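This report concerns only the one structure given below.
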Amino acid sequence: MLRYTLTRTGSLLISLIVASLVIFFTLEVVPGDPASFMLGINAQPETIAALREELGLNQSPWARYLSWITDLVQGDLGTSYTYRSPVSEIVAERLVISLPLAAYALALTILIAFPVGIWAATRRGSFADISVMGGTQLGIAIPNFWFAMLMVLVFAINLRWFSAGGFPGWDEGFWVSIKALTLPAISLALPQASILARVMRSSLLDTLDEDYIRTARAKGLTKGQALRGHALRNALIPVLTIIGLQFSFLLAGAIIIENVFFLPGLGRLVFQAISQRDLIVVESVVMLLVFAVIMVNFLVDLAYSWVDPRLRGRR
Amino acid sequence: MRNLVLGLSLTVLFVLGAVISFLWTPYDHTSLEIANKLKPPSLAHWFGTDHLGRDILSMIMVGARTSIAVAIVAVGIGITLGVPLGLLAAAKSGSWLDEVIMRSNDLIFAFPSLLIAIMITAVFGPSAVNAIIAIGIFNIPVFARVTRGAALSLWTRDYVLAARVAGKGGFRISVEHILPNVMNLLIVQGTIQFSLGILAEAALSYVGLGAQPPTPSWGRMLADSQTLFMLAPHITLFPGFAILLTVLGLNLAGDGLRDLIDPKLRRGAR
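What follows is the structure in structure tokens.
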């Protein structure tokens, strides 16, 4: 277990380093000088030169990469070119929207997918099963931003149950904010819940075929007892992997959905930063998201090998 | 089987729409008729008109070209780079080369694809070509992984052993014996990646990072409709259904093909 943890940690570190190199040097080739962009077209060349010096733009790319990465490790994300304030503060302001949104959507995904998947698997071939399979096909094929627009049309404009967009801020009260995140979370969750329900169903169908389920039934357990006591737990392994992967889809998908609902989250921050050539913000946000995704997958891997020792030898 | 027929019919319908649009569309998709703007569906304009009075059916037909072109090239990138990498990794399985290829695959997987697509289009400017590259890059590890996985089991077969005894090298075995046998799987995976490509293109165009005006694209039609769809829901409904039905058709076709090719998976229709 220790050996496995160490090798996995090693490859985690390599992944993070390579990811940071890719992100930094991709953005390095962006045309346009941040200093002249910040000061506008009427700026004096001397002022631009002074600002370039202040921002450290005159150093070699490698030197800037090293100082970026050492600051990053210490939790200092640098100073935004346009906002002139610490990136960590700006990001934190946006994270309080994006993170709850992703968590809310993940919770909905699981709450929908588990019962639906189990329900379909235990009624294999029935009308219920077939409609679940058809419904999830639709859920996978629907573009989530379009689904979001349809929900705005129905629930915000026609029924007036929700507002069409915007975020009041957590100060306005917990439930008000949760309500503002509900339509975005549902539209993020729908495709992921469809995928997860299908995985849950097929994984459960596989375990229900196993000999130990027949043994459990033979020794007198009811179908429900065998399901709860033996099948579910074993069916969860592939389901967990998918949940880990879905976290990254939820984070990235939030970028698009935040645009539909005018939510001031990380996604909108990235778009603004790109159009303002605020590279340090783009770099930090992208790195943060990639870090989160790599970490989640690492933890899922470790959690598995802890639960299932057979997996330690693989890879 | 029903799925396959339904899926293929939907797919063919949209490919036909795109092909016909080269020869004929009900109206010129660029002609503006401001007096006729936001007209609901009618006999003259089957799908209605948009905020500039353009015929939505014509725009959807021409937009299908963009979606199909982007998705085909993106899948092409994935296959031409991913399949050789997968074959190589399988032929040298266990070596450092295999390790490097598979670890780099994991790394690309770790990036939220949409985020990197946004980064690439941000750096090199929004355009259909950059959208293709951004989507295509993420197809490489998918095809590499599928190819390697299937190829690994093929390498243990007797006919590969026979080929080795006959003196064929790793390259010839990969090309002559492994590749033809993983082809089926690649076709299935290709259909799935094709549908994902259409969804990704729509999302990128929706946020303004895909095909640029005047090239019509379904994603941008949805973006254009965003401020007006309360007044005229049809301008949102038709492009959305176009995306939904195309993706649905490709997914059903992919599932159907898989069942057809590998009957073992068919039991219990999963």
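From first to last, the protein sequence lines are chains A and B.
Under numbering that gives the first Met the number 0, the first residue of the first sequence carries the number 0, and numbering increases by one thereafter.
Under numbering that gives the first Met the number 0, the first residue of the second sequence carries the number 0, and numbering increases by one thereafter.
Note that beta-carbon positions come from the ideal geometry of N, C-alpha and C, so glycine has one too.
Quick caveat, the model's predicted, so the values are computed rather than measured.
CB contact check: residue i to chain B, cutoff 7 angstroms
i               : result
M317 of chain A : With chain A represented from 0 up to 314, any question about residue 317 of chain A goes unanswered, as that position is not in the structure.
N157 of chain A : no
V289 of chain A : yes
R313 of chain A : Low local confidence applies: a pLDDT of 49 at R313 of chain A is under 50, so the model's placement there is unreliable, with the coordinate-based value given in what follows. No, because no Cβ of chain B sits closer than 7 angstroms to the Cβ of R313 of chain A.
I374 of chain A : Nothing about residue 374 of chain A can be read from this structure; chain A reaches only from 0 to 314.
S247 of chain A : yes
Buried or exposed by the 16-neighbour rule on C-beta atoms within 10 Å, applied to residue i
i               : result
E257 of chain A : buried
Y211 of chain A : exposed
S130 of chain A : exposed
S186 of chain A : buried
G85 of chain B  : buried
E53 of chain A  : exposed
Q192 of chain B : buried
D157 of chain B : exposed
R313 of chain A : Low confidence applies to R313 of chain A: its pLDDT is 49, below 50, so where it sits in the model is not reliable enough to give any reading.
S94 of chain B  : exposed
R265 of chain B : Low confidence applies to R265 of chain B: its pLDDT is 48, below 50, so where it sits in the model is not reliable enough to give any reading.
F270 of chain A : buried
E27 of chain A  : exposed
W23 of chain B  : exposed
D54 of chain B  : buried
Chain-ordered chain B contacts of residue i [CB-CB under 8 angstroms]
i               : result
L250 of chain A : P111, L114
V292 of chain A : A109, F110, P111
N296 of chain A : A109
Beta-carbon neighbours of residue i, restricted to chain B and to distances below 7 angstroms
i               : result
V17 of chain A  : L106
S193 of chain A : Under the 7 angstroms cutoff, chain B gives no residues; its nearest Cβ is about 11 angstroms from S193 of chain A.
V175 of chain A : Here the premise fails: no neighbours, minimum Cβ distance about 23 angstroms.
V285 of chain A : L114, M118
Neighbour flag for residue i against chain A, beta carbons, 7 angstroms
i               : result
G242 of chain B : Residue 242 of chain B is actually Ile in this sequence, not Gly. Yes, because at least one Cβ of chain A sits closer than 7 angstroms to the Cβ of I242 of chain B.
N250 of chain B : yes
L185 of chain B : no
R266 of chain B : Model confidence at R266 of chain B stands at a pLDDT of 45, short of 50, so the residue's coordinates are unreliable and nothing is read from them.
G239 of chain B : yes
L195 of chain B : no
E221 of chain B : Sequence check: residue 221 of chain B is Leu here, not Glu. Yes, because at least one Cβ of chain A sits closer than 7 angstroms to the Cβ of L221 of chain B.
L15 of chain B  : no
R269 of chain B : Below a pLDDT of 50, predicted positions are generally treated as unreliable, and R269 of chain B, at 39, falls in that range; the measurement from the model is reported next regardless. It does: the Cβ of R269 of chain B has a partner Cβ on chain A nearer than 7 angstroms.
Contacts of residue i in chain B (Cβ-Cβ under 9 angstroms)
i               : result
S10 of chain A  : R102, D105
V269 of chain A : L114, I117, M118, A121
S14 of chain A  : R102, D105, L106, A109
Contact list for residue i against chain A, beta-carbon separation under 9 angstroms
i               : result
V246 of chain B : I139, A140, I141, P142
T235 of chain B : W145, M148, L149, L152
Listed by chain order, chain A residues near residue i by CB distance under 8 angstroms
i               : result
M229 of chain B : L152, I156
Q225 of chain B : M148, V259
Closest residue to residue i among the options (Cα-Cα distance)
i               : options                        : result
V74 of chain B  : B:L113, B:V82, B:G135, B:N129  : B:G135
I177 of chain A : A:A101, A:R200, A:Y82, A:R51   : A:A101
K36 of chain B  : B:A90, B:T48, B:S152           : B:T48
S30 of chain B  : B:I172, B:S57, B:T146          : B:S57
R102 of chain B : B:A241, B:I234, B:G189, B:R144 : B:R144
D105 of chain B : A:P142, A:T78, A:I293, A:Y303  : A:I293
L184 of chain B : B:A149, B:L227, B:L230, B:G16  : B:A149
S92 of chain B  : B:S173, B:F46, B:F228          : B:S173
S283 of chain A : A:V295, A:L265, A:G228         : A:L265
V141 of chain B : B:H176, B:I100, B:V159         : B:I100
S214 of chain B : B:A199, B:G189, B:S66, B:L249  : A quick correction: the sequence has Thr, not Ser, at residue 214 of chain B. Selected option, being the one with the closest Cα: B:S66.
F318 of chain A : A:T206, A:P167, A:S202, A:R122 : Any question about residue 318 of chain A goes unanswered here, given that chain A covers just 0 to 314.
S135 of chain A : B:N180, B:S20, B:V246, B:S8    : Looking at the sequence shown, residue 135 of chain A is not Ser but Thr. Measuring from the Cα of T135 of chain A, the nearest candidate turns out to be B:V246.
Y80 of chain A  : A:V72, A:I89, A:Q73, A:G74     : A:I89
Contacts that residue i makes with chain A (C-beta to C-beta distance below 7 angstroms)
i               : result
P232 of chain B : L152
**Message:** Short of 9 angstroms Cβ to Cβ, which residues in the stretch 123-154 of chain A face chain B?
**Reply:** Taking 9 angstroms as the upper bound on Cβ-Cβ separation, chain B lies near residues R123, G124, D128, I129, M132, Q136, L137, I139, A140, I141, P142, N143, F144, W145, F146, M148, L149, V151, L152 of the stretch 123-154 of chain A.
**Prompt:** Taking a cut of 7 angstroms between CB atoms, which residues from the stretch 83-108 of chain A lie near chain B?
**Reply:** Residues are counted here when their Cβ sits less than 7 angstroms from a Cβ of chain B; for the stretch 83-108 of chain A the count is zero.
**Message:** For the stretch 197-209 of chain B, list every residue whose C-beta sits within 8 angstroms of some C-beta in chain A, in sequence order.
**Reply:** Cβ contacts with chain A: L198, A201, A202, Y205, V206.
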